[in-house]
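Engineer:
In our numbering, the protein residues as written are 99 to 305.
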């Protein structure tokens, strides 16, 4: 017999069933929301800090690197020192690469003892050289008043002897063809030249 109790009992079971289904639905939604919450964002997340400021996860912070541009060839400028002795100018020119850095007036070989032309190299450098006369064998002491002055820079070996730059006390001969083939310089100039060259420095002698 259908009674009021059974009616409420029936409704109660249906209510419990509804509550059970509802709880299951909430659990499912909660699990899905939790799963979404635990995921690491893969795109910048905007933050409302004064308009347009975004926050990025550390693994997405890639620094801006400058462009490498096009590869170009670069060769350092040749600064090797070399000398050019111009007999017509009566001057020796000092070059560092293609740049003229100094020039000095000189005396060159007189007729019959012409200074040789061509390509040579410095092979000998002497401070305060002594000179021995090829005619008498007498050795002249070194010094500013000696025939070779304060410095000797040999650059050419010939069958009859050697040719080089050297100082001289005979300043009046500078600019003239007055020597026995060597290149005379004022003492102060040959001291400077001595500091600008080394063994192996190229010397070109031009007419």
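Virtual Cβ for every residue (Gly too), placed ideally from N, Cα, C.
Can you list, in chain order, the residues of its chain with a C-beta nearer than 7 Å to that of residue 299? Leave out the 5 residues immediately preceding and following it.
Structural biologist: In the chain shown, the residue the question calls residue 299 occupies position 201. The answer, listed in chain order, is 179, 180, 181, 219 and 220.
Engineer: Contact defined as beta carbons within less than 8 Å: I believe residue 252 pairs with residue 260. What is the distance between those atoms, to the nearest angstrom?
Structural biologist: The count along the chain shown starts at 1 and reaches residue 252 at position 154. The count along the chain shown starts at 1 and reaches residue 260 at position 162. Correct: roughly 5 Å between the Cβ atoms.
Engineer: From the DSSP output, in three-state form, read off residue 274 for me.
Structural biologist: Translated into positions along the chain shown, residue 274 becomes position 176. In the structure shown, residue 274 sits in coil (DSSP, three-state: anything other than H, G, I, E or B).
Engineer: Quick one: what does DSSP say residue 263 is sitting in, helix, strand or coil?
Structural biologist: In the chain shown, the residue the question calls residue 263 occupies position 165. Strand at residue 263.
Engineer: What's the gap between the Cα of residue 189 and the Cα of residue 236?
Structural biologist: In the chain shown, the residue the question calls residue 189 occupies position 91. In the chain shown, the residue the question calls residue 236 occupies position 138. Answer to the nearest angstrom: the Cα atoms are 31 Å apart.
Engineer: From this set, 193, 266 and 176, which residue's C-alpha is nearest residue 244's C-alpha?
Structural biologist: Here the question's residue 244 lines up with position 146 in the chain shown. When each option's Cα is compared against that of residue 244, the closest is 266.
Engineer: Hey, could you find the ends of the beta strand (DSSP E) residue 222 is sitting in?
Structural biologist: Your numbering for residue 222 matches position 124 in the chain shown. Here the beta strand (DSSP E) through residue 222 covers 222-225.
Engineer: Just to confirm, are residue 258 and residue 250 a CB contact at a threshold of 7 Å?
Structural biologist: Stepping through the chain shown from its first residue, residue 258 is reached at position 160. Stepping through the chain shown from its first residue, residue 250 is reached at position 152. Result no, Cβ atoms of residue 258 and residue 250 do not sit closer than 7 Å.
Engineer: I'd like to know whether the C-beta atoms of residue 224 and residue 275 end up nearer to each other than 7 Å.
Structural biologist: Numbered from its first residue, the chain shown carries residue 224 at position 126. Numbered from its first residue, the chain shown carries residue 275 at position 177. No. Outside cutoff.
Engineer: The beta strand (DSSP E) that contains residue 182, what's its start and end?
Structural biologist: Sequence index remark: in the chain shown, residue 182 carries index 84 (1-based). First-last of the beta strand (DSSP E) with residue 182: 179-184.
Engineer: How many whole angstroms separate the CB atoms of residue 203 and residue 279, which I take to be in contact at a CB cut-off of 8 Å?
Structural biologist: Start at 1 with the first residue of the chain shown, and residue 203 comes out as number 105. Start at 1 with the first residue of the chain shown, and residue 279 comes out as number 181. Going by Cβ atoms, the distance from residue 203 to residue 279 rounds to 18 Å, so no, they are not a contact pair.
Engineer: Classify residue 286 as helix, strand or coil using the three-state DSSP reduction.
Structural biologist: Position 188 of the chain shown, counted from the start, is the residue given in the question as residue 286. In the structure shown, residue 286 sits in a helix (DSSP, three-state: H, G or I).
Engineer: With distance defined between alpha-carbon atoms, name the residue in 208, 289 and 230 nearest to residue 271.
Structural biologist: Against the chain shown, residue 271 aligns to sequence position 173. Of the listed residues, the one whose Cα sits closest to residue 271 is 208.
Engineer: Which one or two residues does DSSP pair with residue 246 in a beta bridge?
Structural biologist: Position 148 of the chain shown, counted from the first residue, corresponds to residue 246. None, per the DSSP bridge assignment.
Engineer: Who are the near neighbours of residue 183 in its chain, counting only those whose CB is closer than 6 Å to its CB and skipping five residues on each side?
Structural biologist: Here residue 183 refers to the residue found at position 85 of the chain shown. 190 and 303.
Engineer: Go ahead and pull the three-state DSSP assignment for residue 269.
Structural biologist: Start at 1 with the first residue of the chain shown, and residue 269 comes out as number 171. Residue 269: helix per DSSP, three-state reduction.
Engineer: Candidates 238, 301 and 201: which alpha carbon is nearest residue 286's?
Structural biologist: Here residue 286 corresponds to residue number 188 of the chain shown, with the count starting at 1. Among 238, 301 and 201, the Cα nearest to that of residue 286 is on 201.
Engineer: Using the DSSP secondary-structure output, state which residues sit across from residue 254 in a beta bridge.
Structural biologist: Residue numbering aside, residue 254 sits at position 156 when the chain shown is read from its first letter. For residue 254, which the question treats as bridged, DSSP gives the partners 261.
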